[in-house]
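Since the structure comes first, as structure tokens, the remarks are kept for the end.
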Amino acid sequence: MANSKMEDEVDKEYIQDRYGNTIYITDERWEHIYEEHPDMIGYDRHVLETLRHGKRIQDELNPNKYFYNKSFGDLSDLNNHVVVVVKFGWVTDENDQEIPNNFVLTAYQNFF
2 MANSKMEDEV DKEYIQDRYG NTIYITDERW EHIYEEHPDM IGYDRHVLET
52 LRHGKRIQDE LNPNKYFYNK SFGDLSDLNN HVVVVVKFGW VTDENDQEIP
102 NNFVLTAYQN FF
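Be aware that the sequence shown starts at 2, since it is given in my numbering, and climbs by one per residue.
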């Protein structure tokens, strides 16, 4: 059983935010970020740092969505922040227990 769980999670990278929440990002989400926001190529460390130490703001229309942001001095163009959008939720495990399912939707650079 442990092997099947590990196989299921092969493409997930787990990060703990400053609030104690575990968040994951998949290879598919990295690909999405690079395709939709090519200025993020080479800024993986910034995305992870934003999740670990950035501030977050709850979406007013979707309370399960949060925008994490953190200032950086080495971004492209005039941008000075990385924004990472995270969806919070729950899934049921094999023991019918609800467990957190918090994952990255996208990430981009912005100027604040």
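All residues carry an ideal CB built from backbone N, CA and C; glycine is no exception.
Who are the near neighbours of glutamate 99 in its chain, counting only those whose CB is closer than 8 Å to its CB and skipping five residues on each side?
Trp91, Val92, Thr93
Could you tell me whether the Cβ atoms of valine 83 and valine 105 are closer together than 8 Å?
no
Residue nearest to phenylalanine 113 in terms of C-alpha spacing, selected from Ile24, Asp97, Gly74, Gln59:
Gly74
Starting from the C-beta of histidine 33, find all residues in its chain whose C-beta is less than 8 Å away, skip the five residues before and the five after it, and write them out in chain order.
Thr107
May I have a chain-ordered list of the alpha helix (DSSP H) segments no shorter than 4 residues that lie completely inside the segment 6 to 59?
28 to 37, 45 to 54
In three-state DSSP terms, what is glutamine 98?
coil
Threonine 27 to asparagine 103 span [Cα, whole Å]
11 Å
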